[in-house]
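**Student:** Before we start, here is the structure in question, set down as structure tokens.
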Amino acid sequence: MEFRQHKLDNGLEIIAECNPQAYSTALGFFVKAGSRDETDQLNGVSHFLEHMVFKGTPTRSAADVNRELDEIGSMSNAFTTEEQTVYYAAFLPEYQGQAVALLSDILRPSLREEDFAMEKKVILEEIAKYDDQPPYGAHDRCMVAHFQSHPLGRIVLGSTQSVSALTRQQMLDYFRSRYSPSNIVVALTGRVDFPRLVEQLDRCCGDWEPFEAPRQILPAADHQGLDVYYKESSVQQYIVQIANGPAVEDDHRYAARVLGTVLGDDSGSRMFWELIDTGLAESAALGSYEFQGTGLFMTYLSCAPEDTQANLDTVRQIIEQAQRDGVTDEELRQAKSKILSHLVLQSERPANRLFSVGNNWLQHRVYRTVRQTMDRYQQITRDDVHAILQRYPLTHTTTVTVGPQTEVNGIAARPLPAA
Amino acid sequence: MENQSIHHHTFDNGLVLLAEPMSWLESAAFALLVPAGCNYDPGERLGLANLVCEMVQRGCGSRDSRQFINDLELLGADTSASVANAHTSFGGAMPADSLIEALQIYADVVQRPLLPEDQFEDARLVCTQEIRSLEDDLPQRVFHQLRQMRYGDPYGRKTCGEFAGVQAATADDVQSFFHGTYRPNGAILSVAGNVQWPELLAQVERMFGDWQPRQAAMAIPTPTSETCRQVSVEASQTHIGIGYASVPYSHPDYFQARGAVGVLSDGMSSRLFTEVRENRGLAYAVFASCHSLRDRGSVMCYAGTSTERAQETLDVLLAELIKLADGIREDELARLKAKIKSGLVMQQESSSSRSTSVAADWYHLGRVRTMDELVGILDGLSCESINRYLAAHPPSDFTIATLGVKPLEIPFGISSAQA
């Protein structure tokens, strides 16, 4: 396994974790553009743009792009988050040249008006799909309630209203403000011909004009509250709870992940034994998520509506007890064993490994081998975990619930607004 | 591709052990299929197989339920358990040196579960939660409607059963289902990853060799003549399912049928994606796939679309299915072959994906197809062969399921009940 890197004159960074033994190659263009970089008016444009990138360039129609992606037999897709848009493909090593040529071309899309109008319909269907799917927007609503006017309080998909109002010109302007080569990392994992890669990217992307694409990193507020939404047709009640946690650049995040595993992993955690094993809840999980400048702990709970209050009380007791007494040596050992094994299993596929390699570089220009990451988790002590709880009290939560309950904790349910 | 060896041994008690050594991986994975699927649920106890699956994981051998999970987690085993129609399956992926110990635990699960009566009510609640949460999963519900109409009872059953059946089940039912269905004759244990065959064989012989065979349970099939079911639900989208008869995996023509469905649905240049999503913007999610029981198969399609465009979506879907009988093109087949071949090579990167494929092959064929054989079959596919198959078996006699605010108009004569 060898790490290699190169920076083009226009600022585009190329990194690769090369494994000559691998069966496949994974390639990703990681763009630092997500819903936090939008304005309220433009909400949803990052994700919509991600779709439009597959709609072609001056030399390729949308059908050409789809056909060529399939011709190289690739497993390809893209996704958008609050912080990044990632275009990726996994393919057999002999297709490296074709894949690089194709992806680097589509990253300069034409954004044709007729494609824009058609794809808008697809995005609106995507929003409607999530509207029909548990937890019925509880996650998005909780992010909005927790972050309030902070940029992370913007929903990745946007709303039916904001997406309907978007124009092609607005998207083009947004593209020109975010898709600077200096704001993009090209990452590869698996079997990689690095010299050929650099030469080709220089040819394909070397003329991309660089410009400043700053991102505002604002401190996050510490909001607390409970919002109850009524959805009659839902069978279960869905609850999302958010507390502040360590940011992506904060070394405490390793301890945060260990803490999340002890308290809220989907098996063998405290929440599992109290709520899942007993059949009191359908799911109960707690995990940590990091962003630039801030992070969060998110609890997800689904259960029979009438058990909502009792289960929320149980979650609170679990958290308060941890806050008071920390975690045990046995729990620590068990959590580490799970995390380390997960890291090993994940890293066997270049297509999985790609995301940690690319993401780490995009977020903070760091490359870590799987072993280095494992060592970091090994070093976590009970004190580290306890320190996290002191620093980020999990009792300070923003909670949103959606379901057929008409009242939770004395708060009357409001009708669920349109997506 | 490295030389692939697949080992097989059938023990005296009927248990089949399969192994595919993958020396380049750090992991190993197993799949253990016992012939205890929901096909064997008594009619008034639908959901019993799922309840038994939950109960056998609440302690086994010398471990109580907590020790069971703790030990697996210390081994770094990422495990799963699920009920299908024919089998209850247990599986896990882990660092290779944990495999034998994990198998020892599962030898206890299937032979010496504690089935603790004091946990029966908790287990019943867990199963009830699963049934309730499925009610909120509209795409899954459409597939269940389709399966019920395509296969009748018991092959079209919901694997998690029905609320009434789980409510009626007793601890005695659990005992008798376990003793009637958890048996080595008809069970398959497949292992893939960094393992040595001689050692594995000896260890499995020691762990499973004394498992006593039992008489096989019989499932009594009751076909159905229902071909269309439209259920009214409050939802943003209408969820559409279409099914039609196809050949099972073991049929000599299976790959002809699979090839035709691939042209319909594999990849972004496939017909459904192009016609439904790209050209008309009717849906975000649209696909078709082959589904196979041992002796019969189906093609099942899905699209989720907003209410006002649902009729058009159904019409376009049906038109594409009917048009398939006119044949496929060379370029479509070439792309499909590239995609399937890449997928086959990439299976080599995942022990869990190989362990489940190997077990499935054995169940359907009584042997395991090697990569070379599969590549040979793929190379042998031609437009002529697929078109010949399609001409003889044109998609027809459609089964239709919808979930949405209002029912759709079903064109006359497309399903056998109307013809």
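First to last, the protein sequences are chains X and Y.
For what it's worth, this note's numbering labels the leading residue of the first sequence as 5, then goes sequentially.
For what it's worth, this note's numbering labels the leading residue of the second sequence as 684, then goes sequentially.
Think of the CB as a built atom: it goes at the ideal place given N, C-alpha and C, for glycine as much as any other residue.
(1) I want to see whether chain X comes within less than 8 angstroms of Gln-769(Y), judged by CB atoms only; does it?
(2) When the Cα of Ser-186(X) is compared with those of Glu-129(X), Asn-363(X), Leu-16(X), Leu-111(X), which residue comes out closest?
(3) Determine the DSSP secondary structure at Gln-241(X), reduced to helix, strand or coil.
(4) Could you tell me which of Glu-1067(Y), Arg-992(Y), Asp-856(Y) sits nearest to Lys-1089(Y), measuring between CA atoms?
(5) CA-CA distance, Arg-274(X) and Glu-335(X)?
(6) I think Val-262(X) touches Ile-384(X), with their Cβ atoms under 8 angstroms apart; what is that distance to the nearest whole Å?
(7) So for Gly-141(X), helix, strand or coil by DSSP?
(8) Quick one: residues in its chain with C-beta nearer than 6 angstroms to the C-beta of Ser-948(Y), no 5 flanking neighbours on either side, listed in chain order?
(9) Just verifying my parser: in three-state terms, what is the DSSP assignment at Met-1029(Y)?
(10) State the DSSP-derived secondary structure class of Gln-823(Y), mapped to helix, strand or coil.
(11) Given a threshold of 16 other Cβ atoms within 10 Å of its Cβ, counted over all protein chains shown, does Val-370(X) qualify as buried or as exposed?
(12) Return the CA-CA distance between Phe-276(X) and Phe-751(Y), expressed in angstroms with no decimal places.
(13) Express the C-alpha separation of Val-809(Y) and Leu-1086(Y) in angstroms, rounding to a whole number.
(14) Roughly how many angstroms separate the alpha carbons of Ser-292(X) and Glu-87(X), rounded to a whole number?
(15) Going residue by residue through the segment 283-340 of chain X, where are the continuous alpha helix (DSSP H) segments of at least 4 residues, counting only ones entirely within it?
(16) From Ala-900(Y) to Thr-405(X), what does the alpha carbon distance come to, in whole angstroms?
(17) Determine the burial state of Ser-773(Y): buried for a count of at least 16 other Cβ atoms within 10 Å of its Cβ, exposed for fewer.
(18) Measure from the alpha carbon of Leu-349(X) to the alpha carbon of each residue in Leu-708(Y), Ala-702(Y), Leu-872(Y), then state which is nearest.
(19) Give me the Cβ distance between Leu-267(X) and Ile-322(X), rounded to the nearest whole Å; I'm assuming they're in contact under 8 angstroms.
(20) Where does the unbroken alpha helix (DSSP H) through Cys-810(Y) begin, and where does it stop?
(21) For Thr-63(X), tell me which candidate among Thr-164(X), Leu-106(X), Arg-145(X) has the shortest Cα-Cα distance.
(22) Report, in whole angstroms, the separation of the C-beta atoms of Ser-1098(Y) and Cys-973(Y), which I expect to be a contact under 8 angstroms.
(23) Just to confirm, does Leu-176(X) get its C-beta within under 7 angstroms of one of the non-hydrogen atoms of the ligand MG?
(24) May I ask you to list, following chain order, the residues of the segment 18-36 of chain X that have a beta carbon less than 9 angstroms from some beta carbon of chain Y?
(25) Quick one: list the residues of chain Y neighbouring Gln-45(X), beta-carbon separation under 9 angstroms, in chain order.
(26) Quick one: what's got a C-beta closer than 7 angstroms to Ala-26(X)'s C-beta in the same chain, skipping five residues either side?
(27) Could you check whether the Cβ of Gln-240(X) sits closer than 8 angstroms to any Cβ belonging to chain Y?
(28) For the structure I just gave you, are there three or more beta carbon pairs, one from the segment 1007-1024 of chain Y and one from the segment 68-86 of chain X, closer than 8 angstroms?
(29) Using a 10 Å radius around the Cβ and a threshold of 16 neighbouring Cβ atoms, would you call Asn-248(X) buried or exposed?
(30) Comparing C-alpha positions only, which one of Pro-421(X), Glu-54(X), Glu-21(X), Thr-43(X) sits nearest to Tyr-234(X)?
(31) Under 7 angstroms Cβ to Cβ from Ala-1100(Y), same chain only, skipping five residues before and after it: list those, please.
(32) What residues match up with Arg-912(Y) in a beta bridge as DSSP calls it?
(33) Taking the alpha carbon of Ile-871(Y) as the reference point, which residue from Ala-776(Y), Cys-736(Y), Gly-839(Y), Phe-891(Y) has its own alpha carbon closest?
(34) Can you look up Ala-1100(Y) in the DSSP assignment and give me helix, strand or coil?
(35) Between Ser-1079(Y) and Tyr-927(Y), how many whole angstroms is the CB-CB distance? I'm expecting something under 8 angstroms.
(36) Among Asp-747(Y), Val-739(Y), Ser-745(Y), Asp-780(Y), which one has its Cα closest to the Cα of Gly-759(Y)?
**Tutor:** A quick look at the data gives this:
(1) The residue you call residue 769(Y) lines up with position 86 of the second sequence. Gln is not the amino acid found at residue 769(Y); the sequence shown has Ala there. Taking Cβ atoms only, chain X never reaches closer than 8 angstroms to Ala-769(Y), which makes this a no.
(2) Position 182 of the first sequence, counted from the start, is the residue given in the question as residue 186(X). Here the closest residue by C-alpha is Leu-16(X).
(3) Taking the first sequence and counting its residues from 1, one reaches residue 241(X) at position 237. Reduced to three states, the DSSP call for Gln-241(X) is strand.
(4) The residue given as residue 1089(Y) occupies position 406 in the second sequence. The option with the nearest alpha carbon to Lys-1089(Y) is Arg-992(Y).
(5) For the purposes of this step, residue 274(X) is taken as residue 270 along the first sequence, with counting starting at 1. For the purposes of this step, residue 335(X) is taken as residue 331 along the first sequence, with counting starting at 1. The straight-line gap from Cα to Cα measures roughly 9 angstroms.
(6) For this step, residue 262(X) is matched to residue 258 along the first sequence. For this step, residue 384(X) is matched to residue 380 along the first sequence. About 5 angstroms separates the two Cβ atoms, so the contact holds.
(7) The count along the first sequence starts at 1 and reaches residue 141(X) at position 137. Gly-141(X): coil per DSSP, three-state reduction.
(8) Within the second sequence, numbered from 1, the residue matching residue 948(Y) stands at position 265. By the criterion of a C-beta distance shorter than 6 angstroms, Ser-948(Y) is surrounded in its chain by Leu-955, Phe-970, Ala-971, once the five residues flanking it on both sides are discounted.
(9) The count along the second sequence starts at 1 and reaches residue 1029(Y) at position 346. It is helical.
(10) Counting from one through the second sequence, the residue named residue 823(Y) turns up at place 140. Here Gln-823(Y) sits in helix by DSSP.
(11) Numbered from its first residue, the first sequence carries residue 370(X) at position 366. The residue in question, Val-370(X), is exposed, as its Cβ has fewer than 16 Cβ neighbours within 10 Å.
(12) Taking the first residue of the first sequence as position 1, residue 276(X) is located at position 272. Taking the first residue of the second sequence as position 1, residue 751(Y) is located at position 68. The alpha-carbon atoms of Phe-276(X) and Phe-751(Y) are separated by roughly 14 angstroms.
(13) Looking up residue 1086(Y) in the second sequence gives position 403. Looking up residue 809(Y) in the second sequence gives position 126. For Leu-1086(Y) and Val-809(Y), the distance between alpha carbons rounds to 26 angstroms.
(14) As a first step, residue 292(X) is located in the first sequence; it is residue number 288 there, counting from the start. As a first step, residue 87(X) is located in the first sequence; it is residue number 83 there, counting from the start. If you take the alpha carbons of Ser-292(X) and Glu-87(X), they lie about 16 angstroms apart.
(15) 312-329
(16) The count along the second sequence starts at 1 and reaches residue 900(Y) at position 217. The count along the first sequence starts at 1 and reaches residue 405(X) at position 401. C-alpha separation (whole angstroms): 45 angstroms.
(17) Locating residue 773(Y) in the second sequence gives position 90, where the first residue counts as 1. Per the sequence shown, the amino acid found at residue 773(Y) is Phe instead of Ser. Under this definition Phe-773(Y) is a buried residue.
(18) To locate residue 349(X), count along the first sequence from 1; it is residue 345. Comparing Cα positions, the closest option is Leu-708(Y).
(19) In the first sequence, residue 267(X) corresponds to position 263, counting from 1. In the first sequence, residue 322(X) corresponds to position 318, counting from 1. About 6 angstroms separates the two Cβ atoms, so the contact holds.
(20) Stepping through the second sequence from its first residue, residue 810(Y) is reached at position 127. Looking at the DSSP string, the run of the alpha helix (DSSP H) that includes Cys-810(Y) is 803-818.
(21) In the first sequence, counting from the first residue as 1, residue 63(X) sits at position 59. From the listed residues Thr-164(X), Leu-106(X), Arg-145(X), the smallest Cα separation to Thr-63(X) is found for Leu-106(X).
(22) As a working mapping, residue 1098(Y) is identified with position 415 in the second sequence. As a working mapping, residue 973(Y) is identified with position 290 in the second sequence. About 20 angstroms; that fails the 8 angstroms criterion.
(23) Although the ligand MG was asked about, the structure shown includes no ligands whatsoever.
(24) Gln-25, Ala-26, Tyr-27, Ser-28: these are the residues of the segment 18-36 of chain X whose beta carbon lies less than 9 angstroms from some beta carbon of chain Y, given in chain order.
(25) Position 41 of the first sequence, counted from the first residue, corresponds to residue 45(X). Within chain Y, no residue comes near Gln-45(X); the closest Cβ sits about 23 angstroms away, beyond 9 angstroms.
(26) One-based indexing of the first sequence puts residue 26(X) at position 22. So the list reads Gly-194, Arg-195, Pro-354, once near-sequence residues are dropped.
(27) The sequence position of residue 240(X) within the first sequence is 236, counting from 1. Yes - at least one Cβ of chain Y is within 8 angstroms of the one on Gln-240(X).
(28) Contact between the segment 1007-1024 of chain Y and the segment 68-86 of chain X is present, with at least three C-beta pairs closer than 8 angstroms.
(29) For the purposes of this step, residue 248(X) is taken as residue 244 along the first sequence, with counting starting at 1. With 16 or more Cβ atoms within 10 Å of its Cβ, Asn-248(X) is classed as buried.
(30) Residue 234(X) sits at position 230 when you count from the first residue of the first sequence. Comparing Cα positions, the closest option is Pro-421(X).
(31) Position 417 of the second sequence, counted from the start, is the residue given in the question as residue 1100(Y). At Ala-1100(Y) the pLDDT is 48, less than 50, meaning the model places this residue with poor confidence; the figure from the coordinates comes in the next sentence. Contacts found: Ser-908, Thr-910.
(32) Start at 1 with the first residue of the second sequence, and residue 912(Y) comes out as number 229. Its beta-bridge partners are Ala-1084(Y).
(33) Here residue 871(Y) is taken as the residue at index 188 of the second sequence, counted from 1. Nearest option by C-alpha distance: Phe-891(Y).
(34) For the purposes of this step, residue 1100(Y) is taken as residue 417 along the second sequence, with counting starting at 1. Here the model assigns Ala-1100(Y) a pLDDT of 48, short of 50, so the residue's position is not dependable and the matter cannot be decided.
(35) The count along the second sequence starts at 1 and reaches residue 1079(Y) at position 396. The count along the second sequence starts at 1 and reaches residue 927(Y) at position 244. That belief holds up - the Cβ atoms of Ser-1079(Y) and Tyr-927(Y) are roughly 7 angstroms apart, short of 8 angstroms.
(36) As a position in the second sequence, residue 759(Y) is number 76, starting the count at 1. Measuring from the Cα of Gly-759(Y), the nearest candidate turns out to be Asp-780(Y).
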